[in-house]
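Okay, so here's the structure we're looking at.
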Amino acid sequence: MELSSNHSSIAMIIFSWSMGFLTYYILSDFSKEKRKASMEEVLGQLINFTIFIWIGKIILNLRIFIEDPLAILSYPSNSNAFYLAILLSVITIVIQYNRGKVDALLFSVAFTNIFLTASFVYEFMQVIWNKNTYSIGYMGLVAFLNIAFVVIRKFVCPCRLNLLIFLGWTIGSFSLAVIQPILMIFGYTVGPWFLVLILIICCFLMVYQKMKEGVINGRN
-19 MELSSNHSSI AMIIFSWSMG FLTYYILSDF SKEKRKASME EVLGQLINFT IFIWIGKIIL
41 NLRIFIEDPL AILSYPSNSN AFYLAILLSV ITIVIQYNRG KVDALLFSVA FTNIFLTASF
101 VYEFMQVIWN KNTYSIGYMG LVAFLNIAFV VIRKFVCPCR LNLLIFLGWT IGSFSLAVIQ
161 PILMIFGYTV GPWFLVLILI ICCFLMVYQK MKEGVINGRN
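Sequential numbering of the sequence shown, starting at -19, is according to this note's numbering.
Structure (structure tokens):
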């Protein structure tokens, strides 16, 4: 039964992200070449994230892995493995960006589109099929952000738009984490401290972007 439940959860995640990619491909304003390149980059980072999840699970259960490597397959990934995977993913993206292998703006726009759509589809299935009432609030949040993204993208530059969307996502998710007994993102429990950390990073990036624009305008 547990194995069947795990398979069902994995299938829901794969379907959700597939819908995210499909929606982005259909609605994106980028050229076909840029859409393809950005989708490949996001997919590559998702594969890296999945690998990092497994690495995190092995590290957190190292003794069991040493005694019986196959036994680690039966252990579910927890929030700590999720946090570690995010950290390793961010480090990977930063390294690739510094080496000129990642177009930060193109990647962030694609990821934001795909992530929001995938999140909505996943939470919708949680509500409809699994009767998970705790998913209603988060589903409403990502639905609102999806609409906001489409409405204001013509009036705000892509970089600032992404920061605003993730700032809204962080504040909304933090509010839900405080109000609700639990907040889950793609099946992983997320603590308020993690969202506060993201909020600080978003604020820092917004200040940095504002200062960068000021320097550019000053030179002009």
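We treat Cβ as the ideally placed atom computed from N, Cα and C, and that holds for glycine.
Report, in whole angstroms, the separation of the C-beta atoms of residue i and residue j, which I expect to be a contact under 8 Å.
i: F87; j: S18; result: 6 Å
i: M191; j: L143; result: Contact flag wrong, Cβ pair sits at about 13 Å.
Which residues share a DSSP beta bridge with residue i?
i: M(-1); result: According to DSSP, which records beta bridges pairwise, M(-1) is partnered with nothing at all.
i: I(-10); result: I(-10) pairs with nothing; no bridge assigned.
i: V169; result: Note that residue 169 is Thr in the sequence shown, not Val. For T169, which the question treats as bridged, DSSP gives the partners M164.
Identify, in the order they occur along the chain, each residue of the same chain with its Cβ nearer than 8 Å to the Cβ of residue i, setting aside the five sequence neighbours on each side.
i: F129; result: T92, N93, L96, L141, I145
i: N126; result: L96, T97, F100
i: L(-17); result: Any reading at L(-17) needs caution, since the residue's pLDDT is 43, under 50, leaving its predicted position unreliable; the model's value is listed next. Closer than 8 Å at Cβ, skipping near neighbours: no residue.
i: F174; result: Y63
i: S(-11); result: G167
Is the beta carbon of residue j closer than 9 Å to that of residue i?
i: L64; j: F32; result: yes
i: S59; j: K37; result: no
i: E21; j: V74; result: no
i: S153; j: L121; result: yes
i: A157; j: V136; result: no
i: A90; j: R15; result: yes
i: L68; j: N28; result: yes
For residue i, which residues of its own chain have a beta-carbon under 6 Å away from its beta-carbon, when the five flanking residues on both sides are left out?
i: F62; result: Y168
i: L163; result: L156, A157, V170
Apart from the five residues on each side of it in sequence, which residues of its chain come closer than 7 Å, Cβ to Cβ, to residue i?
i: S115; result: E103, Q106, V107
What are the boundary residues of the alpha helix (DSSP H) that includes residue i?
i: R15; result: 12 to 40
i: P138; result: 138 to 159
i: V82; result: Run containing V82: none; DSSP gives neither H nor E here.
i: Y114; result: Segment: none, Y114 is in no alpha helix (DSSP H) and carries neither H nor E.
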